[in-house]
Amino acid sequence: MKTESILKHATLAFVLTAFAYGLLFYGDHYLRTRNGGWDITFIHSPDGSPRVTVNQITLGLTNVTLVFSNETVASLNSFVYPTKVKPRASARAGLNKPSPTETRNGFAPAELVPWVDSKLNAVLFDKVSMPIPFGRKKFEDLTYLPGTMAFDFFGHEVEFMPRTMVINLKEVTWTNHSVMILTEAQKIPGLKDRNSKGQRK
Numbered sequence: 397m398k399t400e401s402i403l404k405h406a407t408l409a410f411v412l413t414a415f416a417y418g419l420l421f422y423g424d425h426y427l428r429t430r431n432g433g434w435d436i437t438f439i440h441s442p443d444g445s446p447r448v449t450v451n452q453i454t455l456g457l458t459n460v461t462l463v464f465s466n467e468t469v470a471s472l473n474s475f476v477y478p479t480k481v482k483p484r485a486s487a488r489a490g491l492n493k494p495s496p497t498e499t500r501n502g503f504a505p506a507e508l509v510p511w512v513d514s515k516l517n518a519v520l521f522d523k524v525s526m527p528i529p530f531g532r533k534k535f536e537d538l539t540y541l542p543g544t545m546a547f548d549f550f551g552h553e554v555e556f557m558p559r560t561m562v563i564n565l566k567e568v569t570w571t572n573h574s575v576m577i578l579t580e581a582q583k584i585p586g587l588k589d590r591n592s593k594g595q596r597k
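Under our numbering, the first residue of the sequence shown carries the number 397, and numbering increases by one thereafter.
Structure below.
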């Protein structure tokens, strides 16, 4: 009799614990992802300069565009993103194995990845390690979306945060349908010669 009572209590405790864990896990997941990620479009301007356009529905951000004046990218039908990818994850994703000779901005190995959206050239940053078509990611914290992201675009340091943007160490207010042209003179000296930890390559 005592054994049956202990087993019943143990089973009930297990069920309640599993239910509470599941509730907390999915509740936390909802809180972390409910606002969605940064939706960034990578494309050419009419004059050929690369640009990025930022949208974030939950924050009400629409068509905030940065144009990188007098810069070029090789193509916009595929891109190289320097990263370390676990072999199993790479195989599951169907990605090509990087060639030892492929490099970009001094990083190796590099991996050739097809566009996420070939029509819009858009990348939704709702998880870490998303590949990008040009520039490089310096920092990303996507624990609670949209989170914070920092990029090095051709020597320009650009940081996206829910409250504001920071461009080349200066805060810039989010303004919908705005176009900001970043020139050579605005670059941070030596930024392109440093890795994501700020160390010289």
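Glycine included, each C-beta is placed from N, C-alpha and C at the ideal position.
Inset, instruction - Could you tell me if P585 is buried or exposed, where buried requires 16 or more neighbouring beta carbons within 10 angstroms of its beta carbon? - result: Counting Cβ neighbours within 10 Å, P585 comes out exposed, since fewer than 16 surround it.
Inset, instruction - Report the three-state DSSP secondary structure of E580 (helix, strand or coil). - result: When DSSP states are grouped into helix, strand and coil, E580 belongs to the helix group.
Inset, instruction - Give the straight-line distance between the Cα atoms of T458 and Y417, rounded to the nearest whole angstrom. - result: Answer to the nearest angstrom: the Cα atoms are 38 Å apart.
Legend entry - Start-to-end residues for the beta strand (DSSP E) that takes in I439: Going by DSSP, I439 is part of the beta strand (DSSP E) stretching over W434 to H440.
Legend entry - Identity of the residue in P446, T468, T544 and T429 nearest F556 by Cα: When only C-alpha atoms are compared, the closest one is T544.
Inset, instruction - Mind the definition here: the stretch 572-585 touches the stretch 524-542 only if three or more C-beta pairs lie below 8 Å; say whether that holds. - result: In short, these stretches do not touch, since the Cβ pair count stays below three.
Inset, instruction - Please determine, among S445, T449 and T461, the residue with the shortest C-alpha to C-alpha distance to E467. - result: It is S445 whose Cα lies nearest to the Cα of E467.
Legend entry - First and last residue of the uninterrupted beta strand (DSSP E) at V562: For V562, the enclosing beta strand (DSSP E) stretches over residues M561 to I563.
Legend entry - Contact under 8 Å by Cβ, H552 with F415: Annotated as distal: H552 and F415, with beta-carbon spacing of 8 Å or more.
Legend entry - Length of the line joining the Cα atoms of H440 and F530: Pairing H440 with F530, the inter-Cα distance amounts to about 11 Å.
Legend entry - Spatial distance of P542 from L578 (CA atoms): Cα-Cα distance, rounded: 24 Å.
Legend entry - Continuous beta strand (DSSP E) stretch holding E467: start and end: It is not in any beta strand (DSSP E) - E467 carries neither H nor E in the DSSP assignment.
Legend entry - Under 8 Å between C-beta atoms of K534 and D548: Result yes, Cβ atoms of K534 and D548 sit closer than 8 Å.
Legend entry - Three-state secondary structure assigned by DSSP to F535: The answer is strand: DSSP assigns F535 an E or B state.
Inset, instruction - Work out the CA separation of L462 and I563 for me, nearest whole Å. - result: So the two alpha carbons sit approximately 10 Å from each other.
Inset, instruction - Keeping to the same chain, check which residues put their C-beta closer than 6 Å to that of T429; ignore five residues upstream and five downstream. - result: Around T429: L541.
Inset, instruction - Identify which residue in N517, V450, V554 and L520 has its Cα closest to the Cα of R532. - result: Here the closest residue by C-alpha is V554.
Inset, instruction - Look at F438 and V450 and say whether their C-beta atoms are less than 8 Å apart. - result: No, these two residues do not count as a Cβ contact at 8 Å.
Legend entry - Proximal residues to T569 (C-beta, below 7 Å), its chain only, five neighbours per side dropped: Excluding sequence neighbours, T569 sits near T560.
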